[in-house]
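Colleague: Numbering (this note's numbering), first residue to last: 709 to 1236. This is the structure I want to talk about, given as structure tokens.
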């Protein structure tokens, strides 16, 4: 077994150098650019590209008001997959000014920290400082991560926690006398995204895959050392058990209701090729070269096992196994576990960039010399890096329009419907809705959830039984989701329809408000 004194130290200096400030500057410029497009299109306002962002805000607002993790006030639900994010966002309601500004600022700050952590993790992977910096620049230039920074979602928080835990894990592998505090950080990450449970399991597997090379260069498995495991296990339980107990007491499951709303569990034992094709598409459209080189990066990590550059395999395992896990749990016939616009995959982009650059380094080591452009001589390596970054920059520019269009889609549907009902709708009327976020955030009315996030009983009843149970006054739904229920001649009569131009985000191109057989509160009709 390798002793701490025999290990080659990993240099992590330079994090305060000019290169890191360049990462911060580029990330900040990207965020400001996206925000400027949004504010321009919305006439000076701010909003969000998904209804899920409003869900977090509603939970956070109720938490700040002393209601606990409730969506409808007074009704605790296990619907938050990111209670740590909810808790952080709840603090903004004690600050002056508009909460939208503060939640976006919080996301931006975490996004910039994520760029720095990518650089730091690159150094842990034994990348030369310039290559670690290039990985960080790619990360803060990734359009979907800029989108995430301004989305009001937990993605930037999970990026920071998961990357930090991976880096700490790699440091612990270098010195087996250190307590496995990375597992405690992964437990905290579970409170930002439940997928961190898989990260924790993979970290344990990685601790078992420890090798040394014998005198002939063959790999020999080494039994892992046990150090402070009992204390860390108790710490992990202290973090995870309270949330699991809360979920169980409210919904009968230790997992959030969102989990069962998205997936029935293990749907198949082999990966679904259609799902994996979609995953590859999410990565390829934004980081095509890094996706191509990431395989070489994985092989590089495998090839380092047992030598002084051995950092374990956790980055590679996480990048590969998370999409595979999603695949076997994804419901048949859909792409639920990709998430809206593929957002469940976004936390993998920094690792894709790091492993891509790790593989790219092997290629660039074969190139040297300079190329002349006019009177100037440019390094061949620098020229290649400039070419490789072009798709990322092109996607970054195009992504601003995609982000703004997503914001407009939410405004043209859920937000517009909520404002149309505002003033027309009696405060005691009950709404059954497709999207619970913006409608509940804007309106005081109680909502029941046809998607099952805050109303898990919908999964045990058919829709007719669910509606009979709750007897809502109005439906606010996408007709394409409920063609029989919203067809002409059904007992649900159309009151108002909202079209969603150039829809790329919502569950349909139209959102309708329908009266029901139980409507007790007619809408006020003399409003503009």
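Cβ atoms here follow ideal geometry from the backbone N, Cα and C, with glycine treated the same way. These numbers come from a predicted model, not from an experiment.
Ordered along the chain, which non-local residues of its own chain (more than five positions away) have a Cβ less than 8 Å from that of residue 1186?
Modeller: So the qualifying residues of the chain are 1142, 1214, 1215, 1216, 1218, 1219, 1220.
Colleague: Any chance you could list the alpha helix (DSSP H) runs of at least 4 consecutive residues sitting entirely within the segment 1033–1121, in chain order?
Modeller: Listed in chain order, they are 1057–1072, 1088–1118.
Colleague: Using a threshold of 8 Å, state whether the C-beta atoms of residue 815 and residue 860 are closer than that.
Modeller: Yes. Within cutoff.
Colleague: Below 8 Å CB to CB, which residues in the same chain sit around residue 1025 once its five sequence neighbours on both sides are set aside?
Modeller: Closer than 8 Å at the Cβ level, and outside the excluded window around residue 1025, lie 910, 913, 914.
Colleague: Name, in chain order, the residues that DSSP records as bridge partners for residue 816.
Modeller: Residue 816 pairs with nothing; no bridge assigned.
Colleague: Quick one: Cα of residue 942 to Cα of residue 993, how far?
Modeller: Distance between the alpha carbons of residue 942 and residue 993 is about 43 Å.
Colleague: Can you check whether the CB of residue 825 is closer than 8 Å to the CB of residue 858?
Modeller: Contact: no.
Colleague: With residue 902 and residue 794 assumed to form a contact (beta carbons below 8 Å), what rounded beta-carbon distance in angstroms separates them?
Modeller: At roughly 14 Å, the Cβ-Cβ gap does not stay under 8 Å, so residue 902 and residue 794 are not in contact.
Colleague: According to DSSP, what are the bridge partners of residue 1204?
Modeller: According to DSSP, residue 1204 bridges with 1221.
Colleague: Run through DSSP, which three-state label would residue 1226 get?
Modeller: Reduced to three states, the DSSP call for residue 1226 is coil.
Colleague: Below 8 Å between beta carbons: does that hold for residue 1101 and residue 849?
Modeller: In contact: residue 1101 and residue 849 (Cβ atoms closer than 8 Å).
Colleague: For residue 969 and residue 1167, what's the separation of their Cα atoms in angstroms?
Modeller: Going by the C-alpha atoms only, they are around 8 Å apart.
Colleague: Indicate the three-state DSSP secondary structure (helix, strand or coil) for residue 977 in the structure shown.
Modeller: Residue state, collapsed to three classes: coil.
Colleague: Does DSSP classify residue 712 as helix, strand or coil?
Modeller: In this prediction, residue 712 has a pLDDT of 40, which is less than 50 and means its spatial position is unreliable; what the coordinates show is noted afterwards. Note: residue 712 maps to helix in three-state DSSP.
Colleague: In terms of alpha-carbon separation, which member of 799, 846, 808, 800 lies closest to residue 822?
Modeller: When each option's Cα is compared against that of residue 822, the closest is 846.
Colleague: Apart from the five residues on each side of it in sequence, which residues of its chain come closer than 8 Å, Cβ to Cβ, to residue 743?
Modeller: These residues qualify, in order along the chain: 754, 812, 858.
Colleague: Let me know if residue 1192 comes out buried or exposed under the rule of 16 or more other beta-carbons within 10 Å of its beta-carbon.
Modeller: Under this definition residue 1192 is an exposed residue.
Colleague: Name, in chain order, the residues that DSSP records as bridge partners for residue 921.
Modeller: DSSP lists 927 as partners of residue 921.
Colleague: Quick test of your reading: residue 1132 and residue 1232, contact by CB under 8 Å. State the CB separation rounded to the nearest angstrom.
Modeller: Right, the Cβ-Cβ distance comes to about 5 Å (below 8 Å), so this counts as a contact.
Colleague: Measuring only the C-alpha atoms, how far is residue 1150 from residue 1130?
Modeller: Residue 1150 and residue 1130: Cα-Cα distance of roughly 8 Å.
Colleague: Look up residue 1182 in the DSSP assignment and give the residues it is bridged to.
Modeller: Bridge partners of residue 1182: 1139, 1223.
Colleague: Residues in the same chain with beta-carbon distance under 8 Å from residue 1067, minus the five sequence neighbours each way, listed in chain order, please.
Modeller: Hits under 8 Å: 1001, 1002, 1003, 1004, 1005, 1006, 1007, 1008.
Colleague: Taking the continuous alpha helix (DSSP H) assigned at residue 1155, which residues delimit it?
Modeller: Segment 1155–1157 is the beta strand (DSSP E) holding residue 1155; no alpha helix (DSSP H) there.
Colleague: Rounded to the nearest angstrom, how far is the Cβ of residue 1203 from that of residue 1229, given a contact under 8 Å?
Modeller: With 8 Å as the limit, residue 1203 and residue 1229 do not qualify as a contact, their Cβ atoms being about 12 Å apart.
Colleague: Looking at C-alpha atoms only, which residue of 803, 838, 802 is the closest neighbour of residue 731?
Modeller: Measuring from the Cα of residue 731, the nearest candidate turns out to be 838.
Colleague: I think residue 1064 touches residue 995, with their Cβ atoms under 8 Å apart; what is that distance to the nearest whole Å?
Modeller: Contact holds; Cβ gap of about 7 Å.
Colleague: Below 7 Å CB to CB, which residues in the same chain sit around residue 864 once its five sequence neighbours on both sides are set aside?
Modeller: Excluding sequence neighbours, residue 864 sits near 815, 818, 819, 822, 856, 857.
Colleague: Which value, in whole angstroms, describes the spacing of the CA atoms of residue 991 and residue 1179?
Modeller: If I take the Cα positions, the gap works out to 44 Å.
Colleague: Just checking my contact of residue 777 with residue 785 at CB under 8 Å: how many whole Å lie between their CB atoms?
Modeller: Contact flag correct, Cβ pair sits at about 7 Å.
Colleague: Would residue 1093 and residue 919 be called neighbours here (beta carbons separated by less than 8 Å)?
Modeller: Cβ distance not < 8 Å, so residue 1093 and residue 919 don't count as in contact.
Colleague: Note down the Cα distance separating residue 949 from residue 1161, rounded to an integer number of angstroms.
Modeller: Whole-angstrom Cα-Cα distance: 21 Å.
Colleague: Roughly how many whole angstroms lie between the Cα atoms of residue 804 and residue 773?
Modeller: Roughly 15 Å between the two C-alpha positions.
Colleague: Quick one, which of 1088, 769, 827 has its alpha-carbon nearest residue 729's?
Modeller: Looking at the Cα atoms, 827 is the closest of the given residues.
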